[in-house]
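Engineer: Before I ask anything, let me first share the structure, which is written out below as structure tokens.
Numbering (the numbering used here), first residue to last: 10 to 288.
Okay, structure coming up:
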């Protein structure tokens, strides 16, 4: 009888948790983990990119002074005002890419990917957590870099239209964060990741009109530049400051939305299949 009573007095096991459509607690935890990673080394992840951007601005200002002449759509505009937005978003792009790619590559090299594969997180939640952690880093670098350029007197950043700045900032950081996740999942060691950065991301960024008007290019390179997805991100973001763009802003909005969605869908599929993450 006493055994029966003690058995009846035992607490019942807790029922399984019902997270609903989205595990918000798990998603928030993963996001905090990704943000915490780069905030712990803020000198490297936030301060260093801003210094690089300022050095670019300083070198070009010393080299050209007020002699930089723009032609075509940007004729009559100050070169420094043209250059500054391109450098800001270039820094945002590179840092968003680095955040997801380094996080996933380190996890694979150390064998710690189980930390985010074992918890009850769906492929969609993994995609959102990693991408928006990188978006946060990219946006922080952009804001700090923009303020540093403006208040240092290297260029006057006057906002012409706010919506292109917001839209193309988000599309740029989400797109490169997704590409970084794809690269991080694919890469088996840091040499692979460095190859993607040096031979894909950097050329696409530098040859997309960051430093020049693409209309100075001869054919077929001028037409080819329009097939560079990063061109629309830089061109639209810059238009928010100077009010002029090489291409139609609506074309840039549609193109950026399309390739950003495709990249995010690719990341979701990789997490869903466990490609190079699950044995």
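Every residue, glycine too, gets a C-beta built ideally from N, C-alpha and C.
Could you have a look at residue 168 and say whether DSSP puts it in helix, strand or coil?
Structural biologist: Residue 168: coil per DSSP, three-state reduction.
Engineer: Going along the chain, which residues of its own chain have a beta-carbon closer than 6 Å to the beta-carbon of residue 240, five neighbours each way excluded?
Structural biologist: Correct list, in chain order: 217, 218 and 234.
Engineer: I'd like to know whether the C-beta atoms of residue 101 and residue 147 end up nearer to each other than 8 Å.
Structural biologist: Yes, these two residues count as a Cβ contact at 8 Å.
Engineer: With a CB to CB cut of under 7 Å and the five nearest residues on each side skipped, what residues in its chain are close to residue 112?
Structural biologist: Answer for residue 112: 43, 46, 139 and 193, listed in chain order.
Engineer: Ordered along the chain, which non-local residues of its own chain (more than five positions away) have a Cβ less than 7 Å from that of residue 277?
Structural biologist: So the list reads 132, 133 and 136, once near-sequence residues are dropped.
Engineer: From residue 34 to residue 110, what does the alpha carbon distance come to, in whole angstroms?
Structural biologist: Those two C-alpha atoms are separated by around 24 Å.
Engineer: Under 8 Å: do the region 79-91 and the region 205-216 share three or more Cβ pairs, one atom per stretch?
Structural biologist: Touching, no, given that fewer than three Cβ pairs across the two stretches are closer than 8 Å.
Engineer: How many angstroms separate the CA atom of residue 159 from the CA atom of residue 170?
Structural biologist: The alpha-carbon atoms of residue 159 and residue 170 are separated by roughly 17 Å.
Engineer: Should residue 267 be labelled buried (16 or more other beta-carbon atoms within 10 Å of its own) or exposed?
Structural biologist: Exposed, since its Cβ has fewer than 16 Cβ neighbours within 10 Å.
Engineer: Using beta-carbon positions only, say whether residue 177 and residue 283 come within less than 8 Å of one another.
Structural biologist: No, the pair does not count as a contact, with Cβ atoms beyond the cut-off.
Engineer: Using the Cα positions of residue 10 and residue 121, report the straight-line distance between them to the nearest angstrom.
Structural biologist: Only weak support exists for where residue 10 lies, its pLDDT of 49 falling under 50; the coordinates are left without a value.
Engineer: What separation, rounded to the nearest whole angstrom, lies between the Cα atoms of residue 117 and residue 223?
Structural biologist: Each residue's alpha carbon lies about 39 Å from the other.
Engineer: Hey, would you say residue 81 sits closer than 8 Å to residue 173, going by beta carbons?
Structural biologist: For residue 81 and residue 173, no; Cβs fall outside 8 Å.
Engineer: Would you check if the distance between the CB atom of residue 154 and the CB atom of residue 50 is smaller than 8 Å?
Structural biologist: No. Outside cutoff.
Engineer: Residue 10 by DSSP, collapsed to three states: which one?
Structural biologist: Confidence is the limiting factor: at residue 10 the pLDDT is only 49, short of 50, which leaves the residue's position unreliable, though a coordinate-based value still follows. Three-state DSSP puts residue 10 in coil, outside helix and strand.
Engineer: Can the beta-carbon of residue 184 be found closer than 8 Å to that of residue 269?
Structural biologist: It is a contact, given that the beta carbons lie within the stated cut-off.
Engineer: Using only CA atoms, which one of 200, 255 and 204 lies nearest to residue 225?
Structural biologist: Looking at the Cα atoms, 255 is the closest of the given residues.
Engineer: DSSP on residue 284, reduced to helix/strand/coil?
Structural biologist: The answer is coil: DSSP assigns residue 284 none of H, G, I, E or B.
Engineer: DSSP on residue 229, reduced to helix/strand/coil?
Structural biologist: Correct three-state label for residue 229: coil.
Engineer: DSSP state of residue 79, grouped into three classes?
Structural biologist: Three-state result, residue 79: coil.
Engineer: Between which residues of its own chain and residue 205 is the CB-CB distance below 6 Å, once the five residues before and five after are set aside?
Structural biologist: If we look at residue 205 and ignore the five residues flanking it on each side, its Cβ neighbours are 192.
Engineer: Note down the Cα distance separating residue 150 from residue 97, rounded to an integer number of angstroms.
Structural biologist: Whole-angstrom Cα-Cα distance: 8 Å.
Engineer: Apply the 10 Å Cβ neighbour rule to residue 95 and answer buried if 16 or more other Cβ atoms are within range, or exposed otherwise.
Structural biologist: The residue in question, residue 95, is buried, as its Cβ has 16 or more Cβ neighbours within 10 Å.
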